[in-house]
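Colleague: Structure incoming, see below.
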Amino acid sequence: MKRWYGSLHARLMISLGSGWVLLVVALLGSSWYLGRDITRETLFTHMEYQAELIARDIEQDVEKRLQALSGLRGQIDAPLPPAPEASLQQLLTYNTGLLAYFDALVVINRDGTLVGEWPTEGRLGLNVAQREYFQHLLHTRRSYVSEPFTGLVTNEPLVMFAVPLVDDELQFQGMVGGMVRVLGDNFLGRLQRLRLGQEGFAGLGTASGTILVHRNPELILRPLPGAEVNPWIALATLGWEGAAEGQMLDGTQALQAYRQLWLPDWIVGVYLPEQEAYAAFDRLWWILWLIGGGVLLISLPTLWLFLQMLLQPVRRFAIQIDAITRGEQERLKANTPLSELRSVATRFNALLRSLERNRNDLVRRQAYLDAVLDSSPSGIALSDLIGDVIYVNQALQSMTGYAAESLRGKRWQESIHPDDRDALLESRLQAIAHHRSFENQYRCIRADGQQIWLESHASPIKNEAGQYQGYINTFRDITERKNQEEKHRWAALHDGLTHLLNRRGFDQVMDAALQRWQEHQQQSALLLIDLDHFKPVNDNLGHDMGDLWLQGIADILRQQAGQQGTPARQGGDEFALLLKDCDKHQAEVIAESIRQAVEQLVISGSEQYRVTTSIGISDFLPDDSHVTALIKRADEACYAAKAAGRNCIILAD
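If you want it as structure tokens, here you go:
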């Protein structure tokens with residue numbers, strides 16, 4: 001086997017055959033990658049379009065229902081009676097046509113008592129003052145689509161469409177509502193039964209994080225999965241729209257697309273399992289592999305026979321060279337019609353004559369040079385006038401892990417870190433063009449994959465006539481020094497306990513946010529977070545337990561900040577969070593998530609303690625010329641949160 005591999009025929013066969021196999025594999029592999037990528041982008045476009053159509057239809061359905069309720073509201077006089085009346089029942093009966101939009105119509109007075117219902121299902125007289133939809137209308141006096149809830153009478157998931165009733169002085173007098181069963185024969189039920197292909201489906205959730213429509217009815221009214229399960233859903237609840245690949249609730253990978261429904265504050269999601277999405281493409285890919293395998297089975301034996309015929313004259317040359325090596329023959333005889341081989345024989349014979357003359361001198365010079373350069377503890381390389389390396393000493397080989405052959409010519413450039421390569425080579429070429437000395441510091445990728453820092457110094461070499469012959473390059477490993485510098489830079493900007501930015505690092509982020517605001521009107525929101533009831537933890541359980549609490553709260557800030565925000569520890573029990581592309585009202589949603597997460601945080605060993613947060617929020621104003629104005633407003637809001645009883649959020653004026 002070893003002897004066979006040593007033949008030129010075998011090596012050419014292996015090289016050309018391997019190249020041919022690699023080419024076929026590369027073509028098939030690249031076609032798979034590009035085809036799958038194109039397929040994915042096409043599917044993304046289709047799914048985004050599908051989600052857009054569904055969202056548009058639902059928006060229209062919601063708007064029609066709210067308009068219908070507004071029309072019914074115009075037929076009802078305020079104020080409403082304190083108890084059910086026949087006149088209201090008669091009015092609702094006259095509007096039976098609205099049951100095409102709703103499963104039930106209700107009228108509720110300002111005290112929350114249900115004084116009208118059609119069809120009658122036993123709700124009359126119920127008090128729903130504590131229901132989320134009633135409280136919302138009581139405080140906003142605006143049409144509203146409620147969070148999904150379980151009906152008191154039907155015990156099934158419902159959604160309330162509601163419009164407020166107000167008197168001439170715009171005082172709240174009650175509401176008119178239409179209830180829709182989530183699993184009923186309506187637009188929600190149709191969406192629940194909708195299928196895309198075999199396994200694809202559409203779902204609906206609320207921006208507050210509740211599943212409204214899902215192909216699995218058991219999941220309705222349950223919370224949406226968190227970012228650790230599906231980060232795309234978490235982003236969608238914050239207003240993101242788009243398509244991505246991710247994990248569904250059952251663990252299956254699927255293509256997903258999301259669209260926002262701003263009127264009801266819902267999110268529509270479209271899902272298609274990857275196995276189904278790529279099924280047709282995968283079948284085509286396997287067919288291509290079978291074709292490629294057939295091509296290889298036919299072409300490789302043909303290539304073997306062709307090379308065997310082509311290399312017959314070379315085999316005869318090899319026999320003569322062996323005879324010359326043994327001293328049985330003095331010169332190479334080119335008994336071949338090929339002019340190329342005759343030219344090779346002529347040059348080979350000339351080489352034999354000069355070889356003996358140069359061998360002794362070359363051996364002597366090389367031995368001297370190796371002895372001098374290998375005795376140096378520094379890495380040394382000799383390069384010619386165009387920068388190609390012609391010699392490296394043992395120290396440089398040990399430093400980089402590469403053999404000398406791997407560093408000669410321009411191959412040494414492959415060891416330069418890609419981010420440093422262009423700048424380093426440009427500076428070297430400029431220095432070489434002007435025959436100047438030059439120094440560089442750059443990252444080198446060793447043969448074992450390890451990254452090191454090298455400091456190189458190159459000086460031009462002249463002969464006795466003053467002519468430039470090349471450069472001598474010396475190298476020194478400065479990795480340890482660079483690592484120490486990086487550690488010092490990181491420590492100067494970060495808090496050692498929580499690994500969040502410290503006050504100095506956060507100031508730099510704040511200055512950059514102010515510059516974006518002044519130059520591009522790009523808004524940012526600042527959250528100043530002060531911990532409540534943290535001192536008892538520190539005083540009673542010690543600083544080690546207090547540190548665990550601080551680290552846990554820092555993890556919450558990192559999670560809630562995502563890609564949009566930058567958290568920091570200002571010192572002690574004070575934290576801060578800067579949110580890009582976000583005003584204070586949008587930031588309030590994230591602040592509430594932080595407040596709830598900290599309130600629910602439990603650290604082992606301190607279960608009897610609870611730490612809460614007082615949060616002040618501010619954003620930039622047009623006349624802000626320094627970040628201190630933003631910080632002052634957030635700080636005042638934070639103090640106001642403390643004064644308001646703690647564990648709350650205050651927005652700066």
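Those letters in the sequence shown? Residues 1 to 653, by full-length UniProt numbering.
Cβ coordinates follow ideal geometry from the N, Cα and C atoms, glycine included.
#1: What do you reckon, are the CB atoms on residue 420 and residue 442 nearer than 8 Å?
#2: Any contact of the region 91-103 with the region 128-143, i.e. 3+ C-beta pairs under 8 Å?
#3: I want to know whether the region 530-539 touches the region 610-622 - three or more CB-CB distances under 8 Å.
#4: Please report the distance separating the alpha-carbon of residue 446 from that of residue 469.
#5: Would you mind sorting residue 49 into buried or exposed? The rule is 16 or more other CB atoms within 10 Å of its CB.
#6: Going by DSSP, which residues form a beta bridge with residue 477?
#7: Could you have a look at residue 638 and say whether DSSP puts it in helix, strand or coil?
#8: According to DSSP, what are the bridge partners of residue 259?
#9: How many Å lie between residue 475 and residue 639 at the Cα?
#10: Ignore the nearest five residues each way along the sequence and tell me which others in residue 407's own chain have a CB closer than 8 Å to its CB.
#11: Would you please state the rounded distance, in angstroms, between the beta carbons of residue 451 and residue 417? I believe it to be under 8 Å.
#12: Terminal residues of the continuous alpha helix (DSSP H) containing residue 530?
#13: Counting pairs of Cβ atoms below 8 Å between the region 101-113 and the region 194-209, do you hit three or more?
#14: How should residue 487 be labelled, buried or exposed, when 16 other C-beta atoms within 10 angstroms of its C-beta is the threshold for buried?
#15: Kindly indicate which three-state DSSP category residue 418 falls into: helix, strand or coil?
#16: Using a Cβ distance threshold of 8 Å, determine whether the region 229-247 contacts the region 258-265, with at least three qualifying pairs required.
#17: Cβ of residue 635 within 8 Å of Cβ of residue 528?
#18: Using the rule of at least 16 other Cβ atoms within 10 Å of the residue's Cβ for burial, across every protein chain shown, is residue 599 buried or exposed?
#19: Residues bridged to residue 202 by DSSP?
#20: Which residue comes first and which comes last in the alpha helix (DSSP H) that contains residue 446?
#21: By Cβ distance below 6 Å, which residues in the same chain neighbour residue 197 in space, the five residues on each side in sequence not counted?
#22: What residues are listed by DSSP as bridge partners for residue 580?
#23: How about residue 654 and residue 510: are their beta carbons less than 8 Å apart?
#24: Buried or exposed for residue 64, please, with buried defined as at least 16 other CB atoms from any protein chain shown within 10 angstroms of its CB.
#25: According to DSSP, which residues form a beta bridge with residue 568?
#26: Are residue 146 and residue 129 touching if we call contact CB-CB under 8 Å?
#27: Tell me the residue span of the alpha helix (DSSP H) that contains residue 561.
#28: How big is the Cα-Cα spacing for residue 437 and residue 454?
#29: List, from N- to C-terminal side, the alpha helix (DSSP H) runs of 4 residues or more that fit wholly inside the region 174-228.
#30: Taking DSSP's pairing of strands, which residues face residue 427 in a bridge?
#31: Can you tell me which of the three DSSP states residue 122 falls into?
#32: What three-state label does DSSP hand residue 510 in the structure shown?
#33: Compute the distance between the beta-carbons of residue 642 and residue 614, then report whether it is under 8 Å.
#34: Can you round the beta-carbon distance between residue 205 and residue 224 to whole angstroms, since I take them to be within the 8 Å contact cut?
#35: Kindly list the residues whose CB is nearer than 8 Å to the CB of residue 79, restricted to its own chain and excluding five residues on each side of it in sequence; keep chain order.
#36: Give the DSSP-derived three-state secondary structure of residue 383 in the structure shown.
Modeller: Taking the coordinates as given:
#1: Here residue 420 refers to the residue found at position 420 of the sequence shown. Here residue 442 refers to the residue found at position 442 of the sequence shown. Yes. Within cutoff.
#2: no
#3: yes
#4: For the purposes of this step, residue 446 is identified with residue 446 of the sequence shown, where counting begins at 1. For the purposes of this step, residue 469 is identified with residue 469 of the sequence shown, where counting begins at 1. Taking the straight line from one Cα to the other gives about 29 Å.
#5: Translated into the one-based positions of the sequence shown, residue 49 becomes position 49. With fewer than 16 Cβ atoms within 10 Å of its Cβ, residue 49 is classed as exposed.
#6: In the sequence shown, counting from the first residue as 1, residue 477 sits at position 477. 454.
#7: As a working note, residue 638 is residue 638 in the sequence shown. In the structure shown, residue 638 sits in a helix (DSSP, three-state: H, G or I).
#8: Translated into the one-based positions of the sequence shown, residue 259 becomes position 259. Note: residue 259 is bridge-paired with 268 in the DSSP secondary-structure output.
#9: Residue mapping note: residue 475 aligns to position 475 of the sequence shown, counting from 1. Residue mapping note: residue 639 aligns to position 639 of the sequence shown, counting from 1. Each residue's Cα considered, the two are about 58 Å apart.
#10: Counting from 1 along the sequence shown, the entry for residue 407 is found at position 407. Taken in chain order, the residues that qualify are 381, 389, 392, 396, 397, 400, 415.
#11: Within the sequence shown, residue 451 is the residue found at index 451, counting from 1. Within the sequence shown, residue 417 is the residue found at index 417, counting from 1. Going by Cβ atoms, the distance from residue 451 to residue 417 rounds to 7 Å, so yes, they are a contact pair.
#12: By 1-based counting over the sequence shown, the position of residue 530 is 530. Per DSSP, residue 530 belongs to no alpha helix (DSSP H); it is in the beta strand (DSSP E), 524-532.
#13: no
#14: In the sequence shown, residue 487 corresponds to position 487, counting from 1. Flag for residue 487 reads exposed.
#15: Along the sequence shown, one-based indexing puts residue 418 at 418. Correct three-state label for residue 418: helix.
#16: yes
#17: Here residue 635 refers to the residue found at position 635 when the sequence shown is read from its first residue. Here residue 528 refers to the residue found at position 528 when the sequence shown is read from its first residue. Yes. Within cutoff.
#18: Here residue 599 corresponds to residue number 599 of the sequence shown, with the count starting at 1. Residue burial annotation: residue 599 is exposed, with fewer than 16 other C-beta atoms found within 10 angstroms of its C-beta.
#19: Translated into positions along the sequence shown, residue 202 becomes position 202. Bridge partners of residue 202: 270.
#20: Within the sequence shown, numbered from 1, the residue matching residue 446 stands at position 446. Taken as a continuous stretch (DSSP letters only), residue 446 belongs to no alpha helix (DSSP H), as it is neither H nor E.
#21: Start at 1 with the first residue of the sequence shown, and residue 197 comes out as number 197. Only 276 meet the Cβ criterion.
#22: Along the sequence shown, read from residue 1 onward, the residue named residue 580 stands at position 580. Answer is 524.
#23: Residue 654 lies beyond the range of the chain shown here (1 to 653); nothing can be said about it.
#24: Within the sequence shown, numbered from 1, the residue matching residue 64 stands at position 64. Looking at its Cβ environment, which holds fewer than 16 other Cβ atoms inside 10 Å, residue 64 is exposed.
#25: Counted from its first residue, the sequence shown places residue 568 at position 568. Partner(s): 501, 576.
#26: The residue labelled residue 146 in the question sits at position 146 within the sequence shown. The residue labelled residue 129 in the question sits at position 129 within the sequence shown. Result no, Cβ atoms of residue 146 and residue 129 do not sit closer than 8 Å.
#27: Taking the first residue of the sequence shown as position 1, residue 561 is located at position 561. Annotation for residue 561: the continuous alpha helix (DSSP H) segment containing it runs 543-561.
#28: The residue given as residue 437 occupies position 437 in the sequence shown. The residue given as residue 454 occupies position 454 in the sequence shown. Taking the CA atoms as reference points, residue 437 sits about 17 Å from residue 454.
#29: 187-193
#30: On the sequence shown, residue 427 is found 427 positions in, with the first residue counted as 1. Paired residues: none, contrary to the question.
#31: Sequence index remark: in the sequence shown, residue 122 carries index 122 (1-based). Three-state DSSP puts residue 122 in coil, outside helix and strand.
#32: Counted from its first residue, the sequence shown places residue 510 at position 510. DSSP places residue 510 in helix when its eight states are reduced to three.
#33: Against the sequence shown, residue 642 aligns to sequence position 642. Against the sequence shown, residue 614 aligns to sequence position 614. For residue 642 and residue 614, yes; Cβs fall inside 8 Å.
#34: On the sequence shown, position 205 is the one that residue 205 refers to. On the sequence shown, position 224 is the one that residue 224 refers to. The Cβ separation is near 5 Å, so the contact holds.
#35: Stepping through the sequence shown from its first residue, residue 79 is reached at position 79. Once the five neighbours on either side are set aside, the close Cβ partners of residue 79 are 109, 110, 167, 173, 174.
#36: Taking the first residue of the sequence shown as position 1, residue 383 is located at position 383. Of the three classes helix, strand and coil, the one that applies to residue 383 here is strand, per DSSP.
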